[in-house]
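First up is the structure itself, then whatever we jot down about it.
2 protein chains.
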Amino acid sequence: MALIVQKFGGSSVANKDRLFNVADIVTRTYAKGNKVIVVVSAQGDTTDDLIAKAKEVNEDASKREMDMLLTAGEQMSASLLAMAIEKLGYPVVSLLGWQAGFVTSTAYGSARIKRVEPDRMQKELDKKNIIVVTGFQGINRYDDMTTLGRGGSDTSAVAIAAAMHADLCQIYTDVEGVYTADPRKVKNAQKLEAISYDEMLELASLGAQVLNNRSVEMAKKYGIELEVLSSMTRKPGTIVKEAVKMEEMLISGVAKDEDVARVSIIGVPDRPGLAFKIFSKLAANNINVDIILQSVGRNGTKDISFTVSHSNLKPTIELLNTPYAEQLGANTVVYDENIAKVSVVGAGMESHPGTAAKMFEALFDANINIRMISTSEIKISVLIDRADADRAVSVIHERFFDKTQQH
Amino acid sequence: MALIVQKFGGSSVANKDRLFNVADIVTRTYAKGNKVIVVVSAQGDTTDDLIAKAKEVNEDASKREMDMLLTAGEQMSASLLAMAIEKLGYPVVSLLGWQAGFVTSTAYGSARIKRVEPDRMQKELDKKNIIVVTGFQGINRYDDMTTLGRGGSDTSAVAIAAAMHADLCQIYTDVEGVYTADPRKVKNAQKLEAISYDEMLELASLGAQVLNNRSVEMAKKYGIELEVLSSMTRKPGTIVKEAVKMEEMLISGVAKDEDVARVSIIGVPDRPGLAFKIFSKLAANNINVDIILQSVGRNGTKDISFTVSHSNLKPTIELLNTPYAEQLGANTVVYDENIAKVSVVGAGMESHPGTAAKMFEALFDANINIRMISTSEIKISVLIDRADADRAVSVIHERFFDKTQQH
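These protein sequence lines are chains A and B, in that order.
Quick note, the first sequence lines up with residues 1 to 407 if you use the working numbering.
Quick note, the second sequence lines up with residues 1001 to 1407 if you use the working numbering.
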């Protein structure tokens, strides 16, 4: 008998039929002798609808009141799912975040889980109840409702799995698992049987939003085995865990991220400390920088390039432009919005030299120009023109999966 | 500086404009230097919509899960009202029933308030916050959400007024106060300036559903002064309190109740104990009996008549019919559904003989036949044909208010 946490997103519980589909998955798991804790998001567009309703009343509503409003969304879906499970004849109880013991920081709208007190859930499990917990929410030290921010239900599920020492945490979603590339765009994209936490983190940060990043980080920290799978098809999904046997698999996926803009400061004097100054200035203004590249010094100057998200481009330019550029002694600041980041991710590349060369060769063969390159131990990213992005993913995927994998 | 509790029903907060209308009332009260605690129901049809949603999933959902679902309704209206108050620039905090200290019995769907712990509300008042509390709900000793049953928000408001020692509890509704008769049906129906708790209770039980009865009972118990008024017209309403100076006012209102059926057991042997047996049998089956009348014994038999609500008629007949009637030695059981109860209520009638005679005379002049009569210290009720009910209310009202009041 295992303890299994199952998380279902908003589309999985969007209406009566979907609720009963989920109730069926849950009660089948329970009927096999497992203990089951279910985590649900709000139904369908409920959260967006509530946000729209709030904005109609007050564009600048306090985050505290927004959280009070939004937490009602999961309350409704959790009780409705419990009713569906009752209808199937199984013992069930729904619990709000605070009832399930979720204690969070005070940051309304983006609270962090501080701890999950297991007493109430343990009591309900002892009573042989299936438990349905509202995801995305908790309570802070003022006894006020908080939300974890978008995607927080994944984190709720992993936190429960950690607190209750669950054997498995299943994240049900609208895709069948983690793929080597976006299956809607790349033919022959393959579902992975397994992937490591680190690879999953790299893929998620690349815009392959299958799992919320915080939930993967937490799963890694507590060694929680995750399974990403579809609530509709009932097929095995992708297991996310620490050690994944890579076999012949060089890389686990190809992903692209189009929410990226490149900024370059041209002609920065080649003196120590200038890069530090630039990036601490950006950090102080809450601007997150992704890839950073510095050209080799020439004639006593260098160029510093980096990428930011589109929403951060304007504030970045405003911060760095004259008079700041002049202060640094730099010539000018230029930027490019029409780019994309394409990456290959794979723990296997560490022990297989030549991954980067293979990727670059594929791009060269397709006549795609590389504007920047960045590498980590398990990832190689290139910046290219955005117009080339989908084609780049396809040719790289083909090179690694259609041919090389069968060598 | 006074502490004022203001309760707003679902139609008063049904949409953005209504929310801002309420926010205006609340903040004007606050701006005059008062402390204000607001109690809200769910918006418009929210509760009915949620019930319909639940029934779609599970006709026989547990009451616990129903309460979990329904309490989300006030959570949404309370936070939205708080946002509207924020928009007007006033300090405000919304609190759920349990945050406001509402501890109830465990009876899901119809919980009784056991106590209201004042600490959190006091803390928020000390911070000069306007408080918006979700009506209709609390938490039981299992830390589970409970609802007080329909109309429970009135009771929530009075309970807060009692716990916080408020100076006044205003119940905002869609009528301007308590009237001498239904103003939509009786011309010259007059709004009362004041009415006693007992009269209000009699009127409420007669179907003049301005105030929930439990809330009036609680207000009477704790001596909370109530004001019933409209959230739309901004006129003074009707004060409900202990001692009302009656002046020339014989009666405070005329009301009718059409949800009434008469049952008669004909030819019951005139032996002691039979009435007791009949009514304890009905009570044991949760059938509430209103008026009871027993004819004077004749030829060693008597007739026992009483009224029940329509929904209780069928079970009553089934319980009393043969073989039970035979067991009693009675002849037969007859019933009449096409009747109505019309009553005059007024603390003044105690000291003014002739109230009953005046009422009966009005009915006689209008050629309306009286089928049963029942009196209490402050009420006289008659059963008449339902077809005559509206006319009866009119002629009685006219007799007492258009002529006699000016004697």
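For every residue, glycine included, the Cβ atom is placed at its ideal position computed from N, Cα and C.
Computed from a predicted structure; not experimentally measured.
DSSP state of residue i mapped onto helix, strand, coil
i         : result
B:GLY1346 : coil
A:ARG64   : helix
B:PRO1118 : coil
A:THR104  : strand
A:VAL260  : coil
B:ALA1194 : strand
B:GLN1405 : With a pLDDT of 45 at B:GLN1405, under the threshold of 50, the modelled position of this residue cannot be trusted, and the question is left open.
A:VAL232  : The displayed chain sequence assigns Met, not Val, to residue 232 of chain A. Three-state DSSP puts A:MET232 in coil, outside helix and strand.
A:GLN327  : helix
A:THR180  : coil
A:TYR335  : strand
A:PRO315  : helix
B:VAL1210 : coil
A:TYR142  : coil
B:ASP1045 : coil
A:ALA366  : coil
B:THR1322 : coil
B:SER1381 : strand
A:LYS127  : coil
A:LEU226  : strand
B:TYR1090 : coil
B:LYS1032 : coil
B:LYS1187 : coil
B:ALA1243 : coil
B:VAL1013 : helix
Best match in the options for proximity to residue i [C-alpha to C-alpha]
i         : options                                       : result
B:ILE1265 : B:ILE1239, B:LEU1319, B:LYS1185 and B:MET1218 : B:LEU1319
B:GLY1253 : B:VAL1268, B:ALA1284, B:ALA1204 and B:GLY1237 : B:ALA1204
A:ARG234  : A:MET1, A:ALA159 and A:THR29                  : A:THR29
A:TYR142  : B:LYS1241, B:VAL1093 and B:THR1147            : B:VAL1093
A:LEU50   : A:VAL38, A:ASP198, A:MET76 and A:ASN188       : A:MET76
B:SER1011 : B:THR1047, B:ALA1002 and B:ASN1034            : B:THR1047
A:GLY149  : A:LEU328, A:CYS169 and A:MET66                : A:MET66
A:VAL22   : A:MET349, A:SER230 and A:ILE370               : A:SER230
B:ALA1162 : B:ILE1378, B:LYS1114 and B:PHE1279            : B:LYS1114
A:LEU69   : A:ILE85, A:GLY89, A:ALA42 and A:GLU86         : A:ALA42
A:ASN331  : A:VAL344, A:LEU383, A:LYS302 and A:GLY9       : A:LYS302
B:MET1121 : B:LYS1063, B:GLU1217, B:PHE1102 and B:VAL1393 : B:PHE1102
A:LEU201  : A:VAL344, A:THR307, A:LEU81 and A:ALA387      : A:VAL344
Contact set between residue i and chain A, taken where Cβ atoms lie within less than 7 Å
i         : result
B:ASP1053 : Sequence inspection shows Lys at residue 1053 of chain B; the Asp mentioned does not correspond to that position. By Cβ distance, chain A contributes LEU80.
B:ASN1058 : MET83, ALA84, GLU86 and LYS87
B:LEU1019 : VAL57
B:GLN1099 : ASP143
Close beta carbons around residue i, own chain, < 6 Å, minus the five adjacent residues each side
i         : result
A:ASN321  : VAL333
A:ALA219  : VAL158 and LEU226
A:ASP24   : none
A:SER374  : ILE291 and SER381
B:ALA1002 : ASN1034 and ASP1167
A:PRO183  : ALA189
Residues near residue i in its chain [Cβ-Cβ closer than 7 Å; skip 5 each side]
i         : result
A:ASP390  : LYS185
B:GLN1406 : Bear in mind that the predicted position of B:GLN1406 carries a pLDDT of just 43, short of 50, making it unreliable; the figure below should be weighed with that in mind. The answer is none, since no qualifying residue turns up.
A:VAL228  : ILE171, THR173, GLY177, VAL178, VAL210, LEU211, GLY237, THR238 and VAL240
B:ALA1194 : THR1238, ILE1239, LYS1241 and VAL1244
B:VAL1036 : ILE1004, GLN1006, VAL1026, THR1029, TYR1030 and ILE1130
B:ASP1045 : none
A:ALA111  : THR104, SER105, GLY138, ASN140, THR146, THR147 and LEU148
B:VAL1417 : A query on residue 1417 of chain B cannot be resolved here, the shown segment of chain B reaching from 1001 to 1407 and no further.
Proximal chain B residues relative to residue i, where beta-carbon distance stays under 9 Å
i        : result
A:GLU117 : Near A:GLU117 there are no residues of chain B at all, since even the closest Cβ is about 12 Å away, more than 9 Å.
A:GLU124 : Correct list: empty, because the minimum Cβ distance to chain B is about 11 Å.
A:GLN75  : MET1068, LEU1069, THR1071, ALA1072, GLN1075 and MET1145
Residues that residue i contacts on chain B, provided the C-beta gap is smaller than 7 Å
i       : result
A:SER62 : GLU1086
A:SER94 : GLU1065 and MET1068
Contacts around residue i, its chain only, beta-carbon distance under 8 Å, and the 5 residues preceding and following it disregarded
i       : result
A:ALA78 : VAL40, SER94, LEU95, LEU96, VAL132, VAL133 and THR134
Under 8 Å by beta carbon: chain A residues contacting residue i
i         : result
B:ASP1024 : Under the 8 Å cutoff, chain A gives no residues; its nearest Cβ is about 13 Å from B:ASP1024.
B:LYS1016 : GLU56 and VAL57
B:GLN1137 : Near B:GLN1137 there are no residues of chain A at all, since even the closest Cβ is about 12 Å away, more than 8 Å.
Neighbour flag for residue i against chain E, beta carbons, 8 Å
i         : result
B:MET1121 : Among the protein chains of the structure shown, namely A and B, there is no chain E.
Handout entry: the stretch 148-166 of chain A contacting the stretch 121-136 of chain A, beta-carbon criterion three pairs below 8 Å
Key = yes
Exercise for the section: Determine contact between the stretch 1337-1345 of chain B and the stretch 1254-1263 of chain B, defined as no fewer than three beta-carbon pairs at a distance below 8 Å. Expected result: yes
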